[in-house]
Amino acid sequence: MKKIGVLAGALLLSMVMYAQNGGYSKGDKLLNIGLGLNSYYSGGIPFGASFEVGITDDISVGANFDYLSHKYKGLGDYKFTALYFGARGSYHFNTLLNIDNEKIDVYAGATLGYRSFSWKDGYSGSGLKSSYGSGVYLGILAGGKYYFSEKIGAFVELGAIGSTNVRIGVAFKF
Numbered sequence: 001m002k003k004i005g006v007l008a009g010a011l012l013l014s015m016v017m018y019a020q021n022g023g024y025s026k027g028d029k030l031l032n033i034g035l036g037l038n039s040y041y042s043g044g045i046p047f048g049a050s051f052e053v054g055i056t057d058d059i060s061v062g063a064n065f066d067y068l069s070h071k072y073k074g075l076g077d078y079k080f081t082a083l084y085f086g087a088r089g090s091y092h093f094n095t096l097l098n099i100d101n102e103k104i105d106v107y108a109g110a111t112l113g114y115r116s117f118s119w120k121d122g123y124s125g126s127g128l129k130s131s132y133g134s135g136v137y138l139g140i141l142a143g144g145k146y147y148f149s150e151k152i153g154a155f156v157e158l159g160a161i162g163s164t165n166v167r168i169g170v171a172f173k174f
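Under UniProt numbering, think of the first position of the sequence shown as 1, with each following residue one higher.
Structure, rendered in structure tokens:
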């Protein structure tokens with residue numbers, strides 16, 4: 001997993017190094033849909049989505065959602081499900097870094113929301129006590145997007161992003 005994180009970081013860095021003007025501006029509506037490349041919970045493939053609206057040329061706000069579920073089979077069956085949902089805000093570095101390429105968007109942000117975690121075992125059907133309790137969560141991220149066309153691109157995000165710390169996927173701009 002460390003190799004995947006290093007590869008994603010290198011991709012993000014190359015986006016910054018070769019960028020010349022920003023692919024983000026006030027009023028943009030941004031939708032990211034992606035998969036986590038790893039899981040904090042030792043199983044499953046995290047799925048996540050975020051939606052943000054540009055309120056200034058540098059700041060966007062919106063919401064995020066993350067889902068992960070996995071079933072362990074063996075001596076006893078165990079299943080967990082983690083749901084994350086909350087508010088998200090991002091600072092887009094295009095102006096600050098003098099990025100002058102409409103295909104590139106470099107950003108960092110934070111999320112504040114609620115994590116719902118459930119864990120069931122096959123013997124009793126009840127939830128097990130776990131250190132992954134439900135409650136408020138705070139996340140941080142750094143990301144980059146490359147738009148293949150005016151409205152569709154790819155993104156990579158690194159940080160505390162729901163149930164993963166590396167997410168890749170498809171980016172849409174409306």
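Built from N, CA and C at the ideal position, the CB exists for glycine as well.
For residue i, the nearest candidate out of the options (CA to CA)
i: Y84; options: G159, K120, T111; result: T111
i: R167; options: G143, F174, G86; result: G143
i: G135; options: S118, K151, L141; result: S118
i: F51; options: S42, G43, G169, F65; result: F65
i: A49; options: Y91, Y137, L30, T95; result: L30
i: I140; options: G86, N32, A108, Y67; result: A108
i: G74; options: D121, A63, P46; result: D121
i: D86; options: G153, A63, K79, D105; result: Per the sequence shown, residue 86 should be read as Gly rather than Asp. Cα-wise, what sits closest to G86 is A63.
i: I152; options: F93, G169, K79; result: G169
i: E150; options: A160, A171, I33, V106; result: A171
i: F80; options: Y91, G44, L138, V106; result: G44
Backbone CA spacing between residue i and residue j [nearest angstrom]
i: I55; j: F148; result: 24 Å
i: V61; j: G89; result: 4 Å
i: S69; j: Y146; result: 29 Å
i: Y114; j: K173; result: 26 Å
i: V156; j: D77; result: 34 Å
i: S163; j: A82; result: 7 Å
i: G23; j: Y72; result: 43 Å
i: N101; j: D28; result: 16 Å
i: Y41; j: I104; result: 32 Å
i: D58; j: N165; result: 24 Å
i: Y67; j: N32; result: 14 Å
i: F47; j: S25; result: 27 Å
i: L138; j: V106; result: 21 Å
i: G133; j: H92; result: 32 Å
i: A160; j: S116; result: 16 Å
i: L158; j: V53; result: 20 Å
Contact with chain D by residue i, beta-carbon distance below 8 Å
i: Y67; result: In the structure shown, chain D does not exist; there is a single protein chain.
Residues bridged to residue i (per DSSP)
i: G62; result: E52, R88
i: K73; result: K73 is not bridged to any residue.
i: T111; result: R88, G139
i: F117; result: A82
i: L96; result: The partner list for L96 (beta bridge, DSSP) is empty, contrary to what the question assumes.
i: I45; result: None, per the DSSP bridge assignment.
Residue i CB to nearest heavy atom of the ligand GDP below 7 Å
i: H92; result: Here there are no bound small molecules, and the ligand GDP is not part of this structure.
In chain order, each beta strand (DSSP E) run of at least 3 residues that lies wholly inside the segment 124 to 168: 135 to 147, 152 to 161
Counting pairs of Cβ atoms below 8 Å between the segment 31 to 43 and the segment 95 to 102, do you hit three or more? no
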